[in-house]
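Participant: Counting in my numbering, the sequence shown runs from -5 upward without gaps.
Ideal Cβ placement from N, Cα and C applies to all residues, glycine included.
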Amino acid sequence: ILQNDFTSINDIYMIKSMTGFGVSSMETADFAVTVEAKSLNSKSLDLNLRIPKSINDKEFEIRALVSSQLERGKVNIGIEYTPKGESKPKLTVNKAIVKAYYNDLLAIANEVNADTKDLLRTALTLPDAYVSEKDNEDNEAQWLVIAEVIHKALQECNQFRLDEGNKLMEELVNVRYKNE
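#1: Let me know if residue 136 comes out buried or exposed under the rule of 16 or more other beta-carbons within 10 Å of its beta-carbon.
#2: Apart from the five residues just before and just after residue 28, which ones in its own chain have a Cβ nearer than 6 Å to its Cβ?
#3: Helix, strand or coil: which one does DSSP assign to residue 110?
#4: Which ranges does the alpha helix (DSSP H) cover as unbroken runs of at least 4 residues, wholly within the region 26 to 78, from first to last along the chain?
#5: Exposed or buried, residue 148, counting other C-beta atoms within 10 Å across all chains shown (16 or more means buried)?
#6: Which term fits residue 31, buried or exposed, when burial requires 16 or more other beta carbons within 10 angstroms of its beta carbon?
#7: Rounded to whole angstroms, what's the CA-CA distance from residue 49 to residue 33? Just pull it up for me.
#8: Below 8 Å on the Cβ atoms is my guess for residue 92 versus residue 123; work out the distance and round it to an integer in Å.
#9: What is the DSSP secondary structure of residue 84, reduced to helix, strand or coil?
#10: Do you know how far the Cα of residue 15 is from the Cα of residue 161?
#11: How long is the line joining the alpha carbons of residue 90 and residue 110, rounded to whole angstroms?
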């Protein structure tokens, strides 16, 4: 095999480095997201995720996406999610819980002859008095954007690994021909 045939050797014996880096960002009217993917040498996939609480429920999907694109390596994925504008959570009163709290407080207040004036206010401050409503359609649209950004960062990381592997292959071929 001649040194000029490097591309054909590379096509047959593709070497992929374990070291990689990729970053991708996207901004929408509602939020900005940046994903950073770093990988180092490891025999198997050792995945470390740093994700915001707002997408914690998507951890399984993120792990599946990463493992489908990066088979091996010590991989660190960092996701920064920044909402834009005033995004107030949609809250509603959990009427059943508040009524139960109020009735319990009223019964106790009557037993001990206490003032019942602020019982409703007190019941509204107790745990689970409010329920957060998430708009599933908006959340799903946001997730699709975030997943696309993750995918692009992983593609960049994979391309980095391929480029590093190509450099390594070129060095190996050059060393071999220098020794002949």
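Facilitator: In short, the structure shows the following:
#1: The residue in question, residue 136, is buried, as its Cβ has 16 or more Cβ neighbours within 10 Å.
#2: Contacts found: 19, 74.
#3: Three-state result, residue 110: coil.
#4: Listed in chain order, they are 53 to 63.
#5: Using a 10 angstroms sphere on the CB of residue 148, the tally of other CB atoms reaches 16 or more, which defines it as buried.
#6: By the 10 Å Cβ count, residue 31 comes out buried.
#7: The alpha-carbon atoms of residue 49 and residue 33 are separated by roughly 22 Å.
#8: At roughly 5 Å, the Cβ-Cβ gap stays under 8 Å, so residue 92 and residue 123 are in contact.
#9: In the three-state reduction of the DSSP assignment, residue 84 falls in the strand class, which pools E and B.
#10: Roughly 16 Å separates the two Cα atoms.
#11: Distance between the alpha carbons of residue 90 and residue 110: 19 Å.
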